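Enquirer: Residue 276 in numbering that gives the first Met the number 0 sits at position 277 of the sequence shown; the count goes up by one each step and never skips. Glycine included, C-beta positions come from ideal geometry on N, C-alpha and C. Small disclaimer: the values here were computed from a predicted structure and weren't measured. Let me give you the structure first, and then I'll get to my questions.
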Amino acid sequence: MLELLWLLLPVAAATGWWSGNRHARASNTSGNRSSLPGDYVRGLNYLLNEQPDKALELFVRVVEVDSDTVETYLLLGSLFRRRGEVERAIRVHQNLIARPHLEGRHRATAMLELGKDYMRAGLLDRAEGLYKELLNTRFLKAEASYELQRIYEQERDWLEAIRSAEAYQSTSGDSQQTVIAHYWCEAAEQQRQYGRSRLAIDYAKRALVRDPGSVRASILLGDIALTARDSAQAAKHYARVAEQDPDFLPVVLPKLRVAYSGLGDQSGLSRLLSRFRGRKHDSETVLQMIRDMLERGEEPAAREALLEEMRKQKAPLRLLREYVALEQTRFDGDQVAILSLIERVLSEHVQQWYTYRCKQCGFRTKNLFWQCPSCHNWGTIRPYESPDDQ
Ligand SMILES: [Zn+2]
0 MLELLWLLLP VAAATGWWSG NRHARASNTS GNRSSLPGDY VRGLNYLLNE QPDKALELFV
60 RVVEVDSDTV ETYLLLGSLF RRRGEVERAI RVHQNLIARP HLEGRHRATA MLELGKDYMR
120 AGLLDRAEGL YKELLNTRFL KAEASYELQR IYEQERDWLE AIRSAEAYQS TSGDSQQTVI
180 AHYWCEAAEQ QRQYGRSRLA IDYAKRALVR DPGSVRASIL LGDIALTARD SAQAAKHYAR
240 VAEQDPDFLP VVLPKLRVAY SGLGDQSGLS RLLSRFRGRK HDSETVLQMI RDMLERGEEP
300 AAREALLEEM RKQKAPLRLL REYVALEQTR FDGDQVAILS LIERVLSEHV QQWYTYRCKQ
360 CGFRTKNLFW QCPSCHNWGT IRPYESPDDQ
């Protein structure tokens with residue numbers, strides 16, 4: 000902190016303390032024009048004696064704030080916050096706001112900064128109050144809406160987050176449609192947890208209106224339908240994912256199998272799977288086809304199909320594991336024990352793969368998150384297939 004205050008010393012000398020000295024000179028009958036202002040000397044002493052808080056106290060009280068010095072104050076405040084010295088940052092920004100002659104735009108900037116200090120200190124309600132106040136001024140409305148959006152995200156108050164995102168979108172022109180769709184999905188999941196499935200469906204459909212490509216909304220609507228034992232609806236919603244974003248087929252294919260088996264429509268599933276063949280993430284489609292064949296008792300055909308696919312694919316470890324599992328049914332004794340060991344080794348290897356990756360920051364995970372835990376972007380984590388990408 001000390002080094003930051005040393006930076007302010009020339010500013011202090013050039014402005015506030017200097018002008019304070021002029022006033023003192025005007026009323027000084029002794030005519031001693033060469034002395035330094037007393038506050039300046041005291042401030043310097045505090046710094047020399049490594050008493051930064053006293054020096055800071057003096058700075059914020061005595062130095063005149065005008066359009067020249069306000070930038071330095073704002074810089075000092077944000078430097079304090081970035082260094083984790085939040086209380087000091089708060090003191091600097093509060094002091095700025097309290098100055099009666101501060102220009103409106105400077106007061107607004109100080110309020111925005113103070114709000115960030117409060118957020119850093121975990122005082123979300125105080126930050127929220129400041130940002131709402133800021134919305135009633137002529138300045139920094141987009142920034143205030145953006146920060147409010149962050150607060151409501153943290154508080155998981157999704158309807159308020161949607162309102163703030165809309166306000167931010169209309170003032171900044173920066174599209175928030177994808178993010179708003181995720182907020183609707185979050186709100187839908189909350190309602191689903193409360194057992195209010197009709198409201199959950201309503202919210203998930205609003206997500207689809209905001210972002211017709213929202214695979215999350217389709218998967219959610221499918222899951223709700225499946226819980227209500229409406230397999231036909233579930234299959235319809237899950238199948239939409241293939242059109243919205245085929246990269247998400249590995250997520251939705253196992254769910255589609257459950258829906259079709261609820262319908263008792265094996266041939267419908269086969270037709271659907273053959274439509275998906277040749278697309279990205281093909282090994283998941285192949286796996287589901289093989290399991291479909293096995294359910295129908297077509298074991299030799301399933302074995303043949305597996306062998307054929309393994310010849311085609313570059314790193315068919317998941318298919319090989321399936322093949323080894325299938326082969327165990329044809330042998331007995333020691334051979335089964337060996338095959339079982341091979342299957343276990345392959346399984347352990349495959350389970351170490353990361354299945355999802357954030358296209359924004361590269362964060363890798365075995366679980367699908369709709370908001371990246373690392374960069375906090377929405378909808379940037381996507382499935383990927385090849386172990387070569389690991
Ligand atoms: Zn990320």
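For chain E, find out if any of its Cβ atoms is closer than 8 Å to the Cβ of G296; answer yes or no.
Expert: Absent here is chain E; the protein component of the structure consists of one chain.
Enquirer: Using only the heavy atoms of ligand 1, determine whether one of them is closer than 7 Å to the beta carbon of T379.
Expert: Working through the sequence shown from its first residue, we reach residue 379 at position 380. Under cutoff, so the answer is yes.
Enquirer: Please list, in chain order, all residues with a C-beta atom less than 5 Å from at least one heavy atom of ligand 1.
Expert: Selection output, chain order preserved: C357, Q359, C360, F362, C371, S373, C374.
Enquirer: Identify which residue in I161, Q153, T177, G263 has its Cα closest to the Cα of P372.
Expert: Reading the sequence shown from its first residue, position 373 is the one you call residue 372. Nearest of I161, Q153, T177, G263 to P372, Cα basis: Q153.
Enquirer: Judging by CA-CA distance, which residue of R228, E185, R310 is the nearest neighbour of L158?
Expert: Translated into the one-based positions of the sequence shown, residue 158 becomes position 159. Answer by Cα proximity: E185.
Enquirer: Residues in its own chain within less than 8 Å of E112 by CB, not counting five upstream and five downstream?
Expert: The sequence position of residue 112 within the sequence shown is 113, counting from 1. Around E112: L73, G76, S77, R80, A88, H92.
Enquirer: Could you tell me the boundaries of the alpha helix (DSSP H) in which R80 lies?
Expert: The sequence position of residue 80 within the sequence shown is 81, counting from 1. That run of the alpha helix (DSSP H) goes 69-81.
Enquirer: Run through DSSP, which three-state label would R119 get?
Expert: In the sequence shown, counting from the first residue as 1, residue 119 sits at position 120. Of the three classes helix, strand and coil, the one that applies to R119 here is helix, per DSSP.
Enquirer: Looking at the structure shown, is W369 part of a helix, part of a strand, or coil, going by DSSP?
Expert: To locate residue 369, count along the sequence shown from 1; it is residue 370. Coil.
Enquirer: Let me check understanding here. Comparing Cα to Cα, which of A224, D222, Y182 lies closest to A206?
Expert: Indexing the sequence shown from 1 puts residue 206 at position 207. Nearest option by C-alpha distance: Y182.
Enquirer: Locate the beta strand (DSSP E) running through Y383, then write down its first and last residues.
Expert: Counted from its first residue, the sequence shown places residue 383 at position 384. Here Y383 belongs to no beta strand (DSSP E), and DSSP marks it neither H nor E.
Enquirer: Take the Cβ of D210 as the centre, count every other Cβ of all protein chains shown within 10 Å, and call the residue buried at 16 or more, exposed below.
Expert: Looking up residue 210 in the sequence shown gives position 211. Looking at its Cβ environment, which holds 16 or more other Cβ atoms inside 10 Å, D210 is buried.
Enquirer: With hydrogens ignored, establish whether the beta-carbon of L255 is closer than 7 Å to any heavy atom of ligand 2.
Expert: Of the ligands one can find in the structure shown, namely ligand 1, none is ligand 2.
Enquirer: Check whether the Cβ atoms of P253 and P382 lie closer than 8 Å to each other.
Expert: To locate residue 253, count along the sequence shown from 1; it is residue 254. To locate residue 382, count along the sequence shown from 1; it is residue 383. No, Cβ-Cβ distance for P253 and P382 is not below 8 Å.
Enquirer: Give me, in chain order, the residues of the same chain whose beta-carbon lies closer than 8 Å to that of A407; leave out the 5 immediate sequence neighbours on both sides.
Expert: Given a span of 0 to 389 for the chain in the structure shown, any question on residue 407 remains unanswerable.
Enquirer: When DSSP builds the beta bridges, which residues end up paired with Y355?
Expert: In the sequence shown, counting from the first residue as 1, residue 355 sits at position 356. In the DSSP output, where bridge partners are listed per residue, Y355 has T364, P382.
Enquirer: Rounding to the nearest angstrom, what Cα-Cα distance links K311 and A304 in this structure?
Expert: Indexing the sequence shown from 1 puts residue 311 at position 312. Indexing the sequence shown from 1 puts residue 304 at position 305. Going from the Cα of K311 to the Cα of A304 covers about 11 Å.
Enquirer: Where do the ends of the alpha helix (DSSP H) carrying W157 lie?
Expert: Looking up residue 157 in the sequence shown gives position 158. It spans 157-171 - the alpha helix (DSSP H) in which W157 sits, taken as one unbroken run.
Enquirer: Kindly confirm or deny that the segment 215-231 and the segment 253-263 touch, where touching means at least three C-beta pairs closer than 8 Å.
Expert: Output reads yes: the segment 253-263 touches the segment 215-231.
Enquirer: Scan the segment 180-230 and note each continuous alpha helix (DSSP H) run of 4 residues or more that stays entirely inside, going in chain order.
Expert: For the segment 180-230, whole alpha helix (DSSP H) runs of length 4 or above, ordered along the chain, are 196-209, 214-226.
Enquirer: What's the C-alpha gap between K365 and Y237?
Expert: Counting from 1 along the sequence shown, the entry for residue 365 is found at position 366. Counting from 1 along the sequence shown, the entry for residue 237 is found at position 238. Cα to Cα, K365 sits roughly 21 Å from Y237.
Enquirer: If you compare alpha carbons, which of R320, M309, Q359, E298 is closest to R329?
Expert: Your numbering for residue 329 matches position 330 in the sequence shown. Looking at the Cα atoms, E298 is the closest of the given residues.
Enquirer: Buried or exposed: which applies to I337, given that a residue is buried once 16 or more other Cβ atoms fall within 10 Å of its Cβ?
Expert: In the sequence shown, the residue the question calls residue 337 occupies position 338. Exposed.
Enquirer: Is the distance from the Cβ of R320 to the Cβ of V285 below 8 Å?
Expert: Counting from 1 along the sequence shown, the entry for residue 320 is found at position 321. Counting from 1 along the sequence shown, the entry for residue 285 is found at position 286. Cβ atoms of R320 and V285: not closer than 8 Å.
Enquirer: Whose C-alpha, out of A324, L318, G221, C374, is nearest the C-alpha of R343?
Expert: To locate residue 343, count along the sequence shown from 1; it is residue 344. Out of A324, L318, G221, C374, A324 has the C-alpha closest to the C-alpha of R343.
Enquirer: Output the boundary residues of the alpha helix (DSSP H) element that contains G267.
Expert: By one-based count along the sequence shown, residue 267 stands at place 268. 265-275 is the span of the alpha helix (DSSP H), which, as asked, contains G267.
Enquirer: As an exercise, report each continuous alpha helix (DSSP H) stretch of at least 4 residues that is fully enclosed by the segment 230-258, in chain order.
Expert: Qualifying alpha helix (DSSP H) stretches, in chain order: 230-243.
Enquirer: Does the segment 134-145 come into contact with the segment 103-117, if we say contact requires no fewer than three beta-carbon pairs (one atom in each stretch) closer than 8 Å?
Expert: Yes, since at least three Cβ pairs between the segment 134-145 and the segment 103-117 fall closer than 8 Å, the two stretches touch.
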